[in-house]
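J.: Structure in structure tokens, see below.
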Amino acid sequence: MASRWITDDQITASSADVGYPTSSARLHGNGCWIPSIPQSSWLQVEFAMTMILTGIRTQGFRTGWITKYMVEYSETLTSAWITCNAFITTDQLTGNFDADSVVEHMFTGRLQAQRIRLTPLQFHMRPSLRLEVIGCDYGTCTFDSSPCGYIRNSSVADFMWTWKLPTGSETWGPTSDHTAGAGGSFLLADATGRHADDTAILSTEVLPPTPAKCVEFFYHMNSPAVGKHNDHPNGVLID
1 MASRWITDDQ ITASSADVGY PTSSARLHGN GCWIPSIPQS SWLQVEFAMT MILTGIRTQG
61 FRTGWITKYM VEYSETLTSA WITCNAFITT DQLTGNFDAD SVVEHMFTGR LQAQRIRLTP
121 LQFHMRPSLR LEVIGCDYGT CTFDSSPCGY IRNSSVADFM WTWKLPTGSE TWGPTSDHTA
181 GAGGSFLLAD ATGRHADDTA ILSTEVLPPT PAKCVEFFYH MNSPAVGKHN DHPNGVLID
């Protein structure tokens, strides 16, 4: 937003006080956005294309700042809002503690979205906001890195893993592969037409155990009978 790649008309809000328009809600700017009606206020950023959003940065302004807020996103300009608590540890994020320091929150999963909304929950003096959204457009994003720290090892793999985003499908198959409700990215290895002894290795740095599930494995293979397949329903959990 600071680069003005996001135009003024792509930033909207529930209301705006005189002298504090939505167009001023840009990180490190000389102004800010302040709603004229603080209760149930929100600021929204729309994108011209599908984006992959990975985080958010906020600033206050002069004597006011937002101390706690909620983030929602929508996959299209008309689809329902989704609260980000599926991707972060809580749906209430800690905001700023002064007017100028930048507070950053990175999502633990990538959000595929065409709009994002910030709703102030608590604030100091006035809900003054300067904002930056972190991400890239879907066509140029790289999926070589993972929230879990996994990387592709092309020197020993006979075929490449492909990073994908959740499709919302509950069916089996390479194009859907049980991704409904998946929070973040998943890996798809399609070995169709390859040799039976092909290998793919997924490696990571040594990580301490955590209660959160980091990755889950499924496999399916076609049988000679059309429409028949073997599916591993429970998967393998790596914690």
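Under full-length UniProt numbering, think of the first position of the sequence shown as 1, with each following residue one higher. Positions of the beta carbon are idealized from the N, C-alpha and C atoms, including for glycine.
Please go through the same chain and pick out, in chain order, the residues whose beta-carbon is closer than 6 Å to the beta-carbon of I34, but skip the five residues on each side of it.
T.: Reading the sequence shown from its first residue, position 34 is the one you call residue 34. For I34, where only same-chain residues beyond five positions count, the Cβ hits under 6 Å are D17, Y20, R126 and S128.
J.: Report the option in G60, F61, T78 and I82 whose CA atom is closest to the CA atom of M70.
T.: Residue mapping note: residue 70 aligns to position 70 of the sequence shown, counting from 1. The shortest C-alpha separation from M70 is found at I82.
J.: If you measure from the CB of T108, is any heavy atom of the ligand COA nearer than 7 Å?
T.: This structure does not include the ligand COA; it has no bound ligands of any sort.
J.: Nearest to R62 by CA position, among F97, I37, W42 and A2, is which residue?
T.: If you number the sequence shown from 1, residue 62 lands on position 62. Here the closest residue by C-alpha is F97.
J.: How would you write the range of the beta strand (DSSP E) that G135 sits in, first residue to last?
T.: Working through the sequence shown from its first residue, we reach residue 135 at position 135. Segment R130 to D137, the beta strand (DSSP E) holding G135.
J.: Can you list, in chain order, the residues of its chain with a C-beta nearer than 7 Å to that of V133? Leave out the 5 residues immediately preceding and following it.
T.: Walking along the sequence shown from the start, residue 133 turns up at place 133. Excluding residues within five positions, the ones whose Cβ falls inside 7 Å are M1, V45, L53, I56 and I116.
J.: Starting from E72, follow the beta strand (DSSP E) in both directions and report where the run begins and ends.
T.: Translated into the one-based positions of the sequence shown, residue 72 becomes position 72. Its beta strand (DSSP E) spans residues W65 to S74.
J.: Should A80 and W42 be called a contact, given that it needs their Cβ atoms to be closer than 8 Å?
T.: Locating residue 80 in the sequence shown gives position 80, where the first residue counts as 1. Locating residue 42 in the sequence shown gives position 42, where the first residue counts as 1. No; because the gap between Cβ atoms is not below 8 Å, this pair is not in contact.
J.: For S36, collect the residues of the same chain with a Cβ closer than 8 Å to its Cβ; drop the 5 residues on either side in sequence, then sort them by chain order.
T.: For this step, residue 36 is matched to residue 36 along the sequence shown. So the qualifying residues of the chain are S15, A16, D17 and V18.
J.: Can you name the start and end residues of the beta strand (DSSP E) that Q39 belongs to?
T.: Locating residue 39 in the sequence shown gives position 39, counting from the first residue. No beta strand (DSSP E) holds Q39; DSSP gives it neither H nor E.
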